[in-house]
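Asks:
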Amino acid sequence: MTFSRILGTGGYLPERVMTNADLEAIVDTTSAWIRERTGIEKRHLASEGESCCDLAEAAARRALEAAGIGPDDLDLILVATTTPDQFFPSTACLLQQRLGNRGAPAFDLQAVCAGFVYALSVADQFIRTGAARRALVVGAETISRLLDWNDRTTCVLFGDGAGAVVLGASDEPGIVSTHIHADGAYKDLLQVPGGHGNGRPEARFLEMRGNEVFRFAVNTLGRIVDETLDANGLSTADIDWLIPHQANIRIIQATARKLDLPMDRVVVTVAQHGNTSSASIPLAFDEAVRDGRIRRGETLLMEAFGGGFTWGSALIRY
Ligand code: ACO
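For the sequence shown, this note's numbering begins at 2 and goes up steadily by one.
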């Protein structure tokens, strides 16, 4: 059997930083409210002229370097993003051109904050079936451009960034299992309503019913964690690291409690990055790999929840 294995990770955050104190000057909020209700202290924002593809490229190059392979070795390029630079070509094709790869299939995948886990699942299927041997999977977002900077209930929550992994075919897992789900019945709770097809092109900012999203996220993430452990006959004691989507420290703590996992086994970046949507898991993963917390052979559980609703998980033997 063929499995996919993580060969390398990379991450990139734009240089521009916005602290909670900076936000006090923009909307009616306080540093303390943001910190206490979300755990966020600062976020990075793309500068004017800095594109989603710029962020994706920087993260991808670092992941390729860590994997020790070049762009020509890739036979699949996936970008999970909610904020593509253009309607088309896809950000994946723009990235492919930057990297100088020619001929590999390249496409975007849109599952909002669950996008990276979705893309990892798709790439894993390509590798397991033999359709690809080396895949680049990127989560990249300039989500700040979807924010209404007059709306204190949303603009304080998000940041920009990109994270990437390179996967390679292997005789042993690697990616042990992935689990992805969606329920479009909840489409109105978290959305950017505007689009060319619905007569509301002006409605281009993120809208969220935060309380309802919060409750649904906590319950759903608890369930996806159970589903993942059950599918593999594992218990929480088998998990070395939880790498959650970074939306709100209180959601992360609730999932860790459910797993009975101490917080020092949870990779937390939300304080420094805010919610970077599909970039948040690969950014957190890369940080913990590079600072030596996550080591080869350890068992990782990734879980994410986002607009759609979409949600998913990945169990990985690193
Ligand atoms: N500063 C100060 N006060 C604020 C702010 C702010 N930035 N935002 C809201 N408030 C006020 C509200 O107006 C409200 O005031 P009121 O009581 O006078 O009406 C009060 O604070 C409490 O508001 P709540 O919405 O009840 O606050 P809550 O504790 O629920 O926190 C939050 C809100 C942080 C948005 C939380 O609900 C949350 O994290 N939700 C989930 C977000 C999420 O996980 N998103 C998922 C993925 S995102 C994606 O897919 C793109």
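C-beta: ideal position from N, C-alpha, C; glycine also.
As the structure is a computational prediction, the values presented were derived from the model and not from experiment.
Determine contact between the segment 3-13 and the segment 225-245, defined as no fewer than three beta-carbon pairs at a distance below 8 angstroms.
Replies: no
Asks: The alpha helix (DSSP H) with GLY211 in it runs from where to where?
Replies: In the DSSP annotation of this structure, the continuous segment of the alpha helix (DSSP H) that includes GLY211 starts and ends at 211-232.
Asks: Tell me, which residues are paired with HIS182 by DSSP?
Replies: TRP312
Asks: Closer than 6 angstroms: is that where the CB of ALA163 sits relative to any heavy atom of the ligand ACO?
Replies: no
Asks: Compare the Cα-Cα distances from LEU302 to each of THR30, PHE159, THR237 and VAL138 and report the closest residue.
Replies: THR237
Asks: With a floor of 3 residues, list each beta strand (DSSP E) that falls wholly inside the segment 61-127, ordered by position along the chain.
Replies: Entirely contained in the segment 61-127, the beta strand (DSSP E) runs reaching 3 residues are, in chain order, 77-81 and 107-110.
Asks: In three-state terms, what does DSSP make of SER1?
Replies: Residue coverage of the chain in this structure runs from 2 to 319, which leaves residue 1 outside it and unanswerable.
Asks: Can you tell me the Cα-Cα spacing of ASP125 and ALA218, whole angstroms?
Replies: 25 angstroms
Asks: Who are the Cβ neighbours of VAL267 in its own chain at under 6 angstroms, not counting the five residues just before and after it?
Replies: Excluding residues within five positions, the ones whose Cβ falls inside 6 angstroms are LEU243 and ALA257.
Asks: Determine the DSSP secondary structure at TRP150, reduced to helix, strand or coil.
Replies: In the structure shown, TRP150 falls within a coil segment according to DSSP collapsed to helix, strand and coil.
Asks: Please tell me whether, using a cut-off of 6 angstroms, the distance from the CB of VAL226 to the nearest non-hydrogen atom of the ligand ACO is below it.
Replies: no
Asks: I'd like to check one pair, THR277 with GLY160: are the Cβ atoms closer than 7 angstroms?
Replies: yes
Asks: Check whether the Cβ of ASP184 lies closer than 7 angstroms to any Cβ atom in chain D.
Replies: This model lacks chain D altogether; it includes just one protein chain.
Asks: Could you tell me the distance, in whole angstroms, from the CA atom of VAL118 to the CA atom of PRO202?
Replies: 29 angstroms
Asks: Is ASN199 buried or exposed, if buried means 16 or more other CB atoms sit within 10 Å of its CB?
Replies: exposed
Asks: Below 6 angstroms, is the gap between the Cβ of ASN212 and the nearest heavy atom of the ligand ACO?
Replies: yes
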